[in-house]
Ligand code: GRG
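Numbering (my numbering), first residue to last: 1 to 298.
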């Protein structure tokens with residue numbers, strides 16, 4: 001079924017249910033068992049502390065996240081014709097870093113959240129000490145996983161991309177900006193914070209795939225340009241969803257829902273235009289961008 005995307009003259013596949021595609025279902029099955037197998041390997045029976053740590057990591061990793069980032073890795077791999085099994089370690093490492101950041105974000109010294117993904121947060125279930133370690137351990141194990149990849153080139157290509165996305169100029173720097181947010185942040189403050197806190201890891205999802213091609217074709221350049229737009233659009237959609245539910249300082253509450261919606265539409269359309277190659281391979285990434293835009297009811 002085709003649908004006209006609001007604000008464009010282009011027609012893209014209807015993203016009613018992103019998971020309906022058999023190829024995505026197959027990828028998610030592969031991804032889930034790959035991630036589970038990797039995590040099972042840590043298990044060390046007999047000692048309570050390590051057992052709890054392992055349970056806390058599993059509890060948070062497999063707690064019903066959308067897997068937007070692994071799906072984005074897969075969609076990018078489709079676009080540049082890389083087999084999905086080759087990018088499983090990358091998708092898994094990204095999801096581990098993402099989950100680590102959520103565990104830490106929920107801690108009493110940060111957001112002090114009670115629930116995550118509709119379940120009790122990791123620190124309330126396992127204690128703050130074990131939750132802190134579970135977050136730490138997940139991000140260290142993400143890098144170990146990448147270092148185990150059989151293709152030696154990948155073990156050199158991936159870690160710097162992930163360091164950039166998770167560190168000072170990524171998740172952690174963005175979280176610091178969020179913790180010390182001024183009383184009246186302006187638009188550029190939000191843009192900077194979003195691009196680090198959320199955008200950096202989303203950009204990394206795509207960069208870790210296109211970097212394997214080792215080429216700089218016009219197409220690859222366009223995908224690289226689209227990546228930060230998708231990252232910003234994802235955070236904006238998240239803020240738009242939160243704005244109705246929570247009394248909090250965010251882009252939407254500060255600048256107004258109308259402006260935020262317009263901005264989301266512009267970012268999504270620009271990203272769609274950049275990847276509008278005349279090939280079936282780009283359809284899935286397009287659907288993912290529209291899926292994100294449609295998370296919001298206007
Ligand atoms: C330990 C790597 C590490 C980082 C510590 C705490 C921190 C620094 C960063 C937090 C960054 C953060 C919470 C960003 C928010 C990103 C975001 C929009 C999360 C929601 O993502 P979804 O909707 O969640 O994909 P699900 O639950 O579906 O996975």
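Glycine included, each C-beta is placed from N, C-alpha and C at the ideal position.
> Is any heavy atom of the ligand GRG found at a distance shorter than 6 Å from the C-beta of residue 32?
Replying inline: no
> Relative to the alpha-carbon of residue 239, which residue among 274, 84, 194 has its alpha-carbon at the smallest distance?
Replying inline: 194
> Whose C-beta lies closer than 6 Å to the C-beta of residue 284 among residues of the same chain, with five residues either side of it excluded?
Replying inline: 75, 78
> Assuming residue 292 and residue 251 make a contact with CB atoms under 8 Å, what is their CB distance in whole Å?
Replying inline: Going by Cβ atoms, the distance from residue 292 to residue 251 rounds to 15 Å, so no, they are not a contact pair.
> By DSSP, does residue 119 sit in helix, in strand, or in coil?
Replying inline: strand
> Could you give the distance in angstroms between the alpha-carbon of residue 170 and the alpha-carbon of residue 230?
Replying inline: 15 Å
>> Tell me which residues share the same chain as residue 42 and place their Cβ nearer than 6 Å to its Cβ, disregarding the 5 neighbours each side in the sequence.
In response: 54
>> Using a 10 Å radius around the Cβ and a threshold of 16 neighbouring Cβ atoms, would you call residue 221 buried or exposed?
In response: exposed
> Do residue 80 and residue 210 have their CB atoms nearer than 7 Å?
Replying inline: yes
> Apart from the five residues on each side of it in sequence, which residues of its chain come closer than 6 Å, Cβ to Cβ, to residue 7?
Replying inline: Only weak support exists for where residue 7 lies, its pLDDT of 36 falling under 50; the value from the coordinates is given anyway. Closer than 6 Å at Cβ, skipping near neighbours: 265, 269.
> When the distance is taken between beta carbons, is residue 94 closer than 7 Å to residue 58?
Replying inline: no
> CB residue 196 to CB residue 167, shorter than 7 Å?
Replying inline: no
> Which parts of the region 131–186 are runs of the alpha helix (DSSP H), unbroken and 4 residues or longer, counting only runs that do not cross its ends?
Replying inline: 152–166, 171–179
> What number of angstroms, rounded off, separates the C-alpha of residue 60 from the C-alpha of residue 272?
Replying inline: 32 Å
> Between the region 88–104 and the region 129–146, are three or more C-beta pairs nearer than 8 Å?
Replying inline: yes
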